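In the numbering used here, the protein residues as written are 1282 to 1700. Virtual Cβ for every residue (Gly too), placed ideally from N, Cα, C. Note that the structure is predicted; figures quoted are calculated from it, not measured. Scroll down for the structure; my scribbles are underneath it.
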């Protein structure tokens, strides 16, 4: 497994694209945490913190598919870098003006969210032009999922370190400046500059004309809801225990669990339809969230958070291939951007619900929102089994073609078809 990853990283441009994308996505990956900590430091309530984080998530949900479609139509550099700069300026406005004007604060997070660049989908569109052969592309998907969990492990710790060394406002500024540098590294690379989307059928719905993709997005809305609620619930738990650092450790444990799960998942080949396997994985994910409602001591809670994260990366990795199997031709960046959008809307709903749950009930109630989200995600997958069982086309990878990577098979998954 490690040797396979090293082979990919030795390929020209691969390490740069992976690193640049992860760094460029750091502002988006830590935004909810940074916004909640900033709002609390400014004297805002949990409800206000949740509302601002929700506004950011909803704005991201609106911007991602629009920017993803723009990338498919106009290329990566003309969209990704300007979007990253505008998003950073929005967060900078929040950092400098604070909560003195709530309309301005909401405007700042909305601008930052709408302009968040679709780097995640862009990276998956680039892999076939960088790597040689179907096997390397498959391995890159597994590595991509694992690398994301590293970011979600390191990101919360980085935010809390910046907060402790300087301030929540400084954390917002530094994180977003780093994000712009990451986007710049990606768009200046040769693969990004030369990539072009495959021809697509003109349709106003774009990727959303696929019923299977809609079913997947419905399920992952609730996965996002679970993760968003944990953002607020974790802060409340840390406040209950009188230590701000507890929050960083909980979020890092959640990411570490997902990292371990992703490594284990990508280490073997899987037989059978990925849609069916996804139902089992999401069921285990929901089961892992439920014990968090016990809110035990910090060491035990940290261990439970790590356990809760174990099935997150496998669920994401499995969702990649489901998107590939159901997205219409020529909509690669847009389709993956809709997946990001689903997480954004779900996370926004989760933060919006978890804030009042803390204030009206208790910290345990806010963690219960996460468990409910996981159960709802499983219910959607179970109720849409027939739609998901009928992919719109047969996937196949041909290096160098955007839509060919759109048909890539899942990391660690043997489809039984030869490309």
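- Below 8 Å, too few C-beta pairs join the region 1505-1523 and the region 1391-1399 to call them touching: fewer than three.
- Closest by C-alpha distance to residue 1636, out of 1325, 1306, 1297 and 1296, is 1325.
- DSSP places residue 1307 in the helix class (H, G or I) of the three-state scheme.
- For residue 1615, the enclosing alpha helix (DSSP H) begins and ends at 1613-1641.
- According to the DSSP assignment, residue 1522 belongs to no alpha helix (DSSP H), since it is labelled neither H nor E.
- In this model, residue 1477 and residue 1348 are separated by some 15 Å (Cα to Cα).
- Going by DSSP, residue 1476 is part of no alpha helix (DSSP H) at all; its letter is neither H nor E.
- Closest option to residue 1584, judged by alpha-carbon separation, among 1667, 1536 and 1338: 1536.
- DSSP places residue 1397 in the coil class of the three-state scheme, outside both helix and strand.
- Burial state of residue 1441 is buried, judged by a 10 Å Cβ sphere holding 16 or more other Cβ atoms.
- Residue 1384 and residue 1578 have their alpha carbons spaced roughly 39 Å apart.
- Straight across, the Cα-Cα distance linking residue 1411 with residue 1438 is about 32 Å.
- Distance from the Cα of residue 1404 is smallest, within the candidate group 1557, 1290 and 1472, for 1472.
- The residue among 1444, 1447 and 1555 with its C-alpha nearest the C-alpha of residue 1497 is 1555.
- The alpha helix (DSSP H) runs of length 4 or more contained entirely in the region 1290-1373 are, from start to end of the chain, 1295-1305, 1307-1322 and 1327-1355.
- Residue 1447 carries a coil assignment under DSSP once its states are collapsed to helix, strand and coil.
- The alpha carbon of residue 1645 has as its nearest neighbour, out of 1516, 1550 and 1293, the alpha carbon of 1516.
- The Cβ-Cβ distance between residue 1647 and residue 1346 does not fall below 8 Å.
- Residue 1462 counts as exposed, since fewer than 16 other C-beta atoms from the protein chains shown sit within 10 angstroms of its C-beta.
- In the structure shown, residue 1663 adopts helical secondary structure according to DSSP, grouped into three states.
- Annotated three-state conformation of residue 1527 is helix, per DSSP.
- When 1315, 1468 and 1371 are compared, the shortest CA-CA separation from residue 1359 is found for 1468.
- Counting along the chain, the unbroken alpha helix (DSSP H) around residue 1587 starts and ends at 1579-1590.
- Note on geometry: alpha-carbon atoms of residue 1362 and residue 1305 lie some 10 Å from one another.
- Taking 8 Å as the cut-off, the beta carbon of residue 1493 is found closer than this to the beta carbon of residue 1669.
- In the DSSP annotation of this structure, the continuous segment of the alpha helix (DSSP H) that includes residue 1595 starts and ends at 1593-1607.
- The beta-carbon distance between residue 1320 and residue 1394, rounded to whole angstroms, is 15 Å. This is too long to meet the 8 Å contact definition.
- In the structure shown, the three-state DSSP call for residue 1388 is helix.
- Judged by their CB atoms, residue 1531 and residue 1427 are not nearer to each other than the 8 Å cut-off.
- With distances taken between CA atoms, residue 1421 lies nearest to 1294 out of 1569, 1643 and 1294.
- Separation of residue 1376 and residue 1549 (C-alpha to C-alpha, rounded to the nearest whole angstrom) is 45 Å.
- If the five residues before and after residue 1634 are omitted, its C-beta is found closer than 6 Å to the C-beta atoms of 1650, all from its own chain and listed in chain order.
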